[in-house]
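Engineer:
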Amino acid sequence: MKPSKYALLVRLAEEKQEASAERMRQAQARLAEALSRLDQLGAFRNEYRQRLLQGGGQGMAVAQWQDFHRFIARLDEAMATQQTEVDRCKQTFLLARQAWNNERKQLKAFETLIERERARQEVLEAKRQQKLSDEFATRRFWDRQHED
């Protein structure tokens with residue numbers, strides 16, 4: 001196969017790698033968003049916990065104290081749900097990164113194949129040129145020997 005015939009394979013591999021890279025970037029962005037939300041929930045929970053501790057130290061009605069505890073429990077549930085989402089996003093990102101690596105390896109393999117074919121063609125062309133040069137030199141020698 002001539003290098004130009006490999007060009008289609010390389011172009012398709014490049015397109016697949018680019019699409020895979022885009023999927024990986026999107027998965028990474030979703031993971032970053034999920035982590036950010038988890039951090040926000042954690043900060044919110046810590047803030048309410050501090051309020052509870054401060055309020056408890058200053059005296060707080062039982063009903064208000066129970067409300068704080070229920071709200072913190074809901075925040076804990078939300079954090080657990082968000083952690084599950086973070087784990088899912090992380091897994092999706094890892095799979096997308098693996099797919100991108102596979103596509104990148106495939107592209108590099110095609111590029112290596114093209115380079116080898118190009119080098120092989122250069123060697124063949126050099127041999128052809130050498131053969132023509134040798135034939136020309138032989139013919140000149142023959143012609144000189146038989147001029148007399």
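Under UniProt numbering, the sequence shown has 9 at position 9, and the numbering climbs by one with no breaks.
Positions of the beta carbon are idealized from the N, C-alpha and C atoms, including for glycine.
1. Skipping 5 residues on each side, what residues in its chain have a beta carbon closer than 6 Å to that of residue 151?
2. At 4 residues or longer, and completely inside the segment 13-80: list those alpha helix (DSSP H) runs for me, N to C.
3. Beta-carbon separation of Leu31 and Thr84 under 9 Å?
4. If you check the beta carbons only, do Asn102 and Ser20 fall under 9 Å apart?
5. Who are the Cβ neighbours of Val10 in its own chain at under 6 Å, not counting the five residues just before and after it?
6. Classify Leu107 as buried or exposed, calling it buried when 16 or more other Cβ atoms lie within 10 Å of its own Cβ.
7. Rounding to the nearest angstrom, what Cα-Cα distance links Glu122 and Tyr6 in this structure?
Structural biologist: In this structure, then:
1. Absent from the structure is residue 151, since the part of the chain shown begins at 1 and ends at 148.
2. none
3. no
4. yes
5. Phe110
6. buried
7. 16 Å
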